[in-house]
Amino acid sequence: MKLYILDNGWETLDKSYFIAGANAGVASNKNPVNEWIDIPIQAYLVETDEGYVLFDTGCDPEWEKNWPAFIPEQSPYYVTEDQHLLSRLAQLNVRPEEIRYVVMSHLHVDHAGNLHHFKHAEVYVNENEFLQTLKGYVTNKDLDVHVPSDISKFIAAGLDWKLLKDDVKEYELVPGITLLNLGSGHSFGMVAMKVELENTGNLLIVADAIYCRMNVEGEIKVPGILYDSLGYKRSAEYLMDYAKRTNATILFGHDMEQFKTLKKSTDGYYD
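Mapping of the sequence shown onto the numbering used here: position 37 corresponds to residue 66, and the numbering continues sequentially without gaps.
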């Protein structure tokens with residue numbers, strides 16, 4: 030089994046979106062200068078005996094045309110042609126129709142931008158994430174960073190959805206890959222994935238269930254924007270404990286410091 034980390038560019042945003050109160054004023058400094066940070070956008074490709082597994086699908090390459098204006102204003106996106114998801118797959122000589130399974134951590138703008146391309150795959154997502162996203166699309170309410178253009182495209186694609194119900198906490202996708210159905214937190218419903226590699230050991234891909242190491246250093250620190258703060262804490266604690274129990278290394282969702290240390294698909298893979 031081989032795991033490739035696909036570098037899909039980066040965003041920059043106010044640190045307080047990642048750590049609530051990170052730039053809060055105090056009596057001695059009532060008007061602090063806000064700190065902005067860079068965060069990586071990435072997807073993961075796993076080559077298995079059962080076929081290719083893709084975790085998340087990055088950002089829409091036509092984001093400048095399709096995203097609501099508030100998103101690039103809040104978190105500007107920087108990407109080259111080579112960094113787009115389909116370009117990264119092509120660099121590995123993998124076509125979208127060769128992907129057998131797509132696992133969606135959730136359906137936000139930076140994770141579901143190319144989902145409509147994978148018509149031949151089984152697409153796994155938390156059931157409540159799926160239902161609430163479609164409800165928001167139909168009613169035009171509570172969409173936040175679930176983007177209408179992404180949703181309309183994956184509806185039109187007629188994807189083969191596999192919805193993970195709340196009572197399914199763990200699901201073996203293929204031998205060596207386990208999906209963790211986390212419930213609400215960062216979004217309506219989050220999914221993580223453990224990959225068991227012969228030489229590297231276990232890797233736990235948590236996406237935005239834990240943005241970065243800062244969120245779990247000491248006590249759990251919730252982000253400044255999220256759907257369910259109690260759910261975020263619950264999921265983060267569960268994932269930290271799960272990683273200890275399974276001797277797994279956590280790959281955080283948007284941790285630039287960690288991301289810089291990782292081997293990207295252009296340099297090789299983890300096995």
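Ideal Cβ placement from N, Cα and C applies to all residues, glycine included. Since we're looking at a predicted model, the values are computed, not measured.
Evaluate residue i with the Cβ neighbour count: other Cβ atoms within 10 Å of its Cβ, from every protein chain shown; 16 or more gives buried, anything less gives exposed.
{"i": "Ser-250", "result": "The sequence as given places Lys at residue 250; Ser does not occur at that position. Under this definition Lys-250 is a buried residue."}
{"i": "Gly-87", "result": "buried"}
{"i": "Ile-206", "result": "buried"}
{"i": "Asn-63", "result": "exposed"}
{"i": "Gly-50", "result": "exposed"}
{"i": "Glu-40", "result": "buried"}
According to DSSP, is residue i helix, strand or coil?
{"i": "Thr-168", "result": "helix"}
{"i": "Arg-124", "result": "coil"}
{"i": "Thr-275", "result": "coil"}
{"i": "Phe-159", "result": "helix"}
{"i": "Gly-212", "result": "strand"}
{"i": "Leu-291", "result": "coil"}
{"i": "Lys-198", "result": "coil"}
{"i": "Gly-328", "result": "Examination of residue 328 is not possible in this model, given that the chain is present from 30 through 300 alone."}
{"i": "Tyr-299", "result": "strand"}
{"i": "Ile-254", "result": "coil"}
In whole angstroms, what separates the C-alpha of residue i from that of residue j?
{"i": "Leu-226", "j": "Lys-273", "result": "16 Å"}
{"i": "Thr-77", "j": "Met-30", "result": "5 Å"}
{"i": "Leu-202", "j": "Ala-185", "result": "26 Å"}
{"i": "Gly-54", "j": "Met-222", "result": "38 Å"}
{"i": "Trp-190", "j": "Pro-61", "result": "46 Å"}
{"i": "Gly-197", "j": "Asp-36", "result": "Correcting the residue identity first, residue 197 is Val in this sequence and not Gly. Using only the alpha carbons, I get a separation of about 31 Å."}
{"i": "His-113", "j": "Asp-270", "result": "34 Å"}
{"i": "Tyr-73", "j": "Thr-168", "result": "32 Å"}
{"i": "Ile-70", "j": "Gly-38", "result": "5 Å"}
{"i": "Leu-208", "j": "Leu-192", "result": "12 Å"}
{"i": "Val-245", "j": "Tyr-153", "result": "27 Å"}
{"i": "His-135", "j": "Tyr-261", "result": "14 Å"}
{"i": "Asp-195", "j": "Asp-173", "result": "23 Å"}
{"i": "Gly-165", "j": "Met-243", "result": "31 Å"}
{"i": "Gln-120", "j": "Tyr-200", "result": "30 Å"}
{"i": "Asp-67", "j": "Thr-295", "result": "21 Å"}
{"i": "Gln-287", "j": "Tyr-299", "result": "15 Å"}
Quick one: measure Cβ to Cβ for residue i and residue j, integer angstroms, because I've assumed they're closer than 8 Å.
{"i": "Met-219", "j": "Ser-181", "result": "Actually they do not touch by this definition, with Cβ atoms about 23 Å apart."}
{"i": "Arg-129", "j": "Ala-150", "result": "6 Å"}
{"i": "Thr-162", "j": "His-175", "result": "5 Å"}
{"i": "Ile-34", "j": "Lys-293", "result": "5 Å"}
{"i": "Asn-228", "j": "Asn-276", "result": "So it is not a contact: roughly 14 Å between Cβ atoms."}
{"i": "Leu-268", "j": "Leu-233", "result": "7 Å"}
{"i": "Ile-100", "j": "Val-75", "result": "Not quite, the Cβ-Cβ distance comes to about 29 Å (not below 8 Å), so this is no contact."}
Segment contact, 8 Å Cβ cut-off, at least three pairs: the stretch 206–219 with the stretch 253–270: yes
Three CB pairs or more closer than 8 Å across the stretch 88–100 and the stretch 224–243: no
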